[in-house]
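Visitor: Pasting a structure below so you can have a look.
Pasting the structure below:
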């Protein structure tokens, strides 16, 4: 927009923004609509603080995988092995902690290192041997599922120690006020919410000033203010369930750190720009001097690392490792990423969108569980959601 934008009415500007960012806004409205439907269908149980906190915990390991899957799909690849890798690494971590009594911190470091090694292994075959990611990760899905069965011998490994378990089921402590679920307030979480709102406002103002300084178009001031107010209200709205229950879970804190880090990586670094360039036009990216092989290797190392994080969170949440851990994680992860606006054809997608997609997928699953929908029909619904998400992406690309 140019200086003429300042003369437009608020309605014109909002219509312009909605038209050019329809997919991002639509995704959010769909999430709100689903929450409304599930609240009515469950007699209000879905919207209670206890359940919404549980929903966030359920979505944390899928959302963690979705953060990395954005880079994979944006670059024009796919990873079908994330569930098996997460399950395998969670199994190894549980065995080290339970059978060998390793310290939780050492177990975490070893697990993350194993994830990086697995990422290097798969990335090497894809980047330097030219084998399609679909084939390599399909093989990885089988290999690491088999290794999980081998290391656990088909048994449940439990119980892990409380320090390890806190990653998936623990909450931030209170600072001063000894109140919580009954009294409806968690002070440390409230402080973090205020910090998040201030960071959002300051970041938006600085970005606006930089755009003006370099002569780029900006939103009219009244629209910018509306955006800041709306964003602050959304942060508060999403934080209310945890702020009025037991506080912020450690797993969600880990996820927030990853989201901030990967958002910065994709938006503000050379690596991020190269990844989008690779997905948009790989040949043009190669001719422009981008090292495609190196960047591809780094993408799958990142995915291996995040698979390890997801496996640790899932194992910690269950307080055990099972032979079926990570089953169908890849389905939910890919669905969440595509629902969140990442194009199956590459070159387009955001980390924030993937998180909303993961929240949407988890909301559907959580709602069906509350309504006691049989497991087989839950799988049918999740599969249909993935199919519709891909169909919508392809149809939108075709229209363009």
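Residue numbers (the working numbering): 48 to 447. Where is the CB? At the ideal position from N, CA and C, for every residue including glycine.
1. How big is the Cα-Cα spacing for residue 145 and residue 202?
2. Which residues share a DSSP beta bridge with residue 218?
3. Using a 10 Å radius around the Cβ and a threshold of 16 neighbouring Cβ atoms, would you call residue 419 buried or exposed?
4. What are the start and end residues of the alpha helix (DSSP H) that includes residue 386?
5. Does the segment 153 to 165 come within contact of the segment 379 to 394, defined as at least 3 CB pairs closer than 8 angstroms?
6. Within the same chain, show all residues whose beta-carbon is closer than 8 angstroms to that of residue 437, passing over the 5 residues directly before and after it, in chain order.
7. Which term fits residue 268, buried or exposed, when burial requires 16 or more other beta carbons within 10 angstroms of its beta carbon?
8. Do the CB positions of residue 354 and residue 132 come within less than 8 angstroms of each other?
9. Which residues in the same chain as residue 115 place their Cβ atom closer than 7 angstroms to its Cβ, once the five residues preceding and following it in sequence are excluded?
10. According to DSSP, is residue 301 helix, strand or coil?
11. Can you say whether residue 226 is buried or exposed, counting buried as having 16 or more other CB atoms within 10 angstroms of its CB?
12. Put residue 122 into one of helix, strand or coil per three-state DSSP.
13. Return the Cβ separation of residue 358 and residue 134 in integer angstroms, given the expectation that the two are a contact with Cβ distance under 8 angstroms.
14. Starting from residue 131, follow the alpha helix (DSSP H) in both directions and report where the run begins and ends.
15. Does the beta carbon of residue 77 fall short of 7 angstroms from some heavy atom of the ligand COA?
16. Can you tell me whether DSSP reads residue 368 as helix, strand or coil?
17. For residue 106 versus residue 214, is the C-beta spacing smaller than 8 angstroms?
18. Whose CA, out of 184, 258, 155 and 430, lies closest to the CA of residue 449?
19. Classify residue 367 as buried or exposed, calling it buried when 16 or more other Cβ atoms lie within 10 Å of its own Cβ.
20. Excluding the five sequence neighbours on either side, which residues of its own chain have a C-beta within less than 7 angstroms of the C-beta of residue 265, listed in chain order?
21. Contact check, residue 235 vs residue 245 under 8 angstroms by CB: the rounded distance?
22. Can you tell which of 424, 343, 371 and 334 has its C-alpha closest to the C-alpha of residue 119?
23. Any idea what DSSP makes of residue 204, helix, strand or coil?
24. In this structure, how does DSSP classify residue 335 when only helix, strand and coil are distinguished?
25. What number of angstroms, rounded off, separates the C-alpha of residue 241 from the C-alpha of residue 281?
26. Among 364, 335 and 345, whose alpha-carbon lies nearest the alpha-carbon of residue 296?
27. Along the chain, where does the alpha helix (DSSP H) that runs through residue 325 open and close?
28. Just checking, does the segment 79 to 90 make contact with the segment 399 to 415 on the three C-beta pairs under 8 angstroms criterion?
29. Tell me the residue span of the alpha helix (DSSP H) that contains residue 266.
30. Return the chain-ordered list of same chain residues with a C-beta closer than 6 angstroms to the C-beta of residue 169, the five sequence neighbours on each side being excluded.
31. Hey, would you say residue 195 sits closer than 8 angstroms to residue 130, going by beta carbons?
32. Do the CB positions of residue 405 and residue 122 come within less than 8 angstroms of each other?
33. From residue 111 to residue 305, what does the alpha carbon distance come to, in whole angstroms?
34. The alpha helix (DSSP H) with residue 198 in it runs from where to where?
35. Decide if residue 302 is buried, meaning its Cβ has at least 16 other Cβ atoms within 10 Å, or exposed.
Guide: From the atom records:
1. 13 angstroms
2. 296
3. exposed
4. 376 to 386
5. no
6. 385 and 391
7. Classification of residue 268: exposed, given that the 10 Å Cβ count is below 16.
8. yes
9. For residue 115, the CB contacts under 7 angstroms within the same chain, skipping 5 residues up- and downstream, are 349, 350 and 353 in chain order.
10. helix
11. Model confidence at residue 226 stands at a pLDDT of 48, short of 50, so the residue's coordinates are unreliable and nothing is read from them.
12. coil
13. 6 angstroms
14. 129 to 145
15. Of ligands this structure carries none, so the ligand COA is not represented either.
16. strand
17. Between residue 106 and residue 214, the gap from beta carbon to beta carbon reaches 8 angstroms or more.
18. The question about residue 449 has no answer, for the chain in this structure spans 48 to 447.
19. buried
20. 255, 258 and 259
21. For a cut-off of 8 angstroms, the C-beta gap from residue 235 to residue 245 is around 16 angstroms, too long to register as a contact.
22. Relative to the Cα of residue 119, the nearest Cα in the group 424, 343, 371 and 334 belongs to 343.
23. strand
24. coil
25. 12 angstroms
26. When only C-alpha atoms are compared, the closest one is 364.
27. 317 to 327
28. A contact between stretches requires three or more CB pairs, one per stretch, nearer than 8 angstroms, and the segment 79 to 90 meets this requirement with the segment 399 to 415.
29. Residue 266 -> no alpha helix (DSSP H), and no H or E assigned at all.
30. 183, 187 and 347
31. no
32. no
33. 8 angstroms
34. Run containing residue 198: 180 to 199, per the alpha helix (DSSP H) assignment.
35. buried
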